[in-house]
Amino acid sequence: MNVMDEDKRKGRKPIPDHLKALLSEEQKAALVQLEGFGWELRFVRMPLFQPLIIALHNAATDKFGILEEDGHLDMGSDLKVRR
């Protein structure tokens, strides 16, 4: 099995119900603004002992970005996603 195909959630939902409570105030404000431009919360990665990785997707452009803790959308990261 390819490492990118392996599901590591082990029964957890891809987006936890309480996710927005985990976002910083800057992330919450940025998400509301970005949703107006077609971005949506796509998935969250929870690496051990590291900050959450909040991944957004824009369906119109098929681009992914990382919502940084300060609310900045980083589209230059090397984000690997399964298609």
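Under our numbering, the letters of the sequence shown match residues 15 to 97, in that order. Cβ coordinates follow ideal geometry from the N, Cα and C atoms, glycine included.
Item: Rounded C-alpha distance that separates LEU6 from VAL58; Value: What the structure shows of the chain is the stretch from 15 to 97, and residue 6 is not part of that stretch, so it cannot be assessed.
Item: Contact under 7 angstroms by Cβ, ASN72 with GLY52; Value: yes
Item: Where LEU48 falls, given that 16 or more other Cβ within 10 Å makes a residue buried; Value: buried
Item: Neighbour-count burial assignment, ALA43, 16 or more Cβ in a 10 Å radius; Value: exposed
Item: Local Cβ density within 10 Å of GLY79, reported as buried at 16 or more and exposed below that; Value: buried
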